[in-house]
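A.B. asks:
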Amino acid sequence: MKETKDKITRQALEYFTVNDYQGASLIRIAKALDITKGAIYHYFRSKEELFRECMFFLFNTLEDMLNEMISTNNEISVGNFIKEFFNIDEQLAEVAKRLKIDLLNDYLNYVYLMFLGLKKFPELRTK
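Note that the working numbering numbers the sequence shown so that position 108 is 722, with each residue one more than the last.
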């Protein structure tokens with residue numbers, strides 16, 4: 615069951631990245647995922663709840679990556695850490711690999727989506 619929810623979350627994140635939150639509907643998301651709208655409702659009460667789950671999934675992945683970067687390189691300087699973190703192509707390739715989705719062609723949309731998530735869900739700011 616968790617595997618299905620994670621699959622929906624990953625695929626919906628990719629859909630939101632390409633199509634934007636405002637333009638997305640659960641019907642279109644379900645169609646893109648080749649599932650029914652009812653299958654989405656089985657796991658999520660609304661588009662907003664699905665989007666929230668996508669944002670937390672994304673931010674948790676980023677947090678894990680940052681923690682790994684810090685723990686594997688104890689002597690990294692703040693400047694190098696920031697430089698490494700904002701090396702967009704490499705970082706997005708790693709995020710995409712971990713999330714099992716394609717983000718590289720739409721990374722500006724991905725960054726926009728992150729900021730939209732932060733605006734819509736202020737509790738993400740603690741991540």
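Glycine is no exception: its CB is placed at the ideal position from the N, C-alpha and C atoms. Quick caveat: nothing in here was measured; it's all calculated off a predicted structure.
By the 10 Å Cβ neighbour count, where 16 or more other Cβ atoms means buried, how is Ile641 classified, buried or exposed?
C.D. replies: Exposed, because fewer than 16 other Cβ atoms sit within 10 Å of the Cβ of Ile641.
A.B. asks: Mind checking which residues open and close the alpha helix (DSSP H) that includes Tyr657?
C.D. replies: Start and end: 651–657.
A.B. asks: Given this structure, state the Cα-to-Cα distance separating Ile643 from Ala626, to the nearest angstrom.
C.D. replies: If I take the Cα positions, the gap works out to 6 Å.
A.B. asks: Please tell me whether Lys621 and Tyr657 are closer than 8 Å, where the distance is taken between their beta carbons.
C.D. replies: Going by C-beta atoms, Lys621 is not nearer than 8 Å to Tyr657.
A.B. asks: Just to check my reading of the structure: Phe735 and Arg666 have Cβ atoms closer than 8 Å, yes? What is that Cβ distance to the nearest angstrom?
C.D. replies: With 8 Å as the limit, Phe735 and Arg666 qualify as a contact, their Cβ atoms being about 6 Å apart.
A.B. asks: Please classify Asn669 as buried or exposed, where buried requires at least 16 neighbouring CB atoms within 10 angstroms.
C.D. replies: According to the sequence provided, residue 669 is Met. The question's Asn does not apply to it. With 16 or more other Cβ atoms within 10 Å, it is buried.
A.B. asks: From the DSSP output, in three-state form, read off Asp678 for me.
C.D. replies: Helix.
A.B. asks: Around the Cβ of Glu662, are there at least 16 other Cβ atoms within 10 angstroms (buried) or fewer (exposed)?
C.D. replies: Exposed, by the Cβ-count rule.
A.B. asks: Pick out whichever of Gly693, Val725, Glu708, Leu664 has its Cα sitting closest to the Cα of Glu682.
C.D. replies: Checked all of Gly693, Val725, Glu708, Leu664; the closest Cα to Glu682 is Glu708.
A.B. asks: May I have the straight-line CA-CA distance separating Leu738 from Met679, to the nearest angstrom?
C.D. replies: If you take the alpha carbons of Leu738 and Met679, they lie about 16 Å apart.
A.B. asks: Let me know the secondary structure DSSP gives Ala638 once reduced to three states.
C.D. replies: Ala638 falls in the coil class under three-state DSSP.
A.B. asks: Does the Cβ of Phe630 have 16 or more other Cβ atoms within 10 Å, making it buried, or fewer, making it exposed?
C.D. replies: By the neighbour-count rule (16 or more Cβ atoms within 10 Å), Phe630 is buried.
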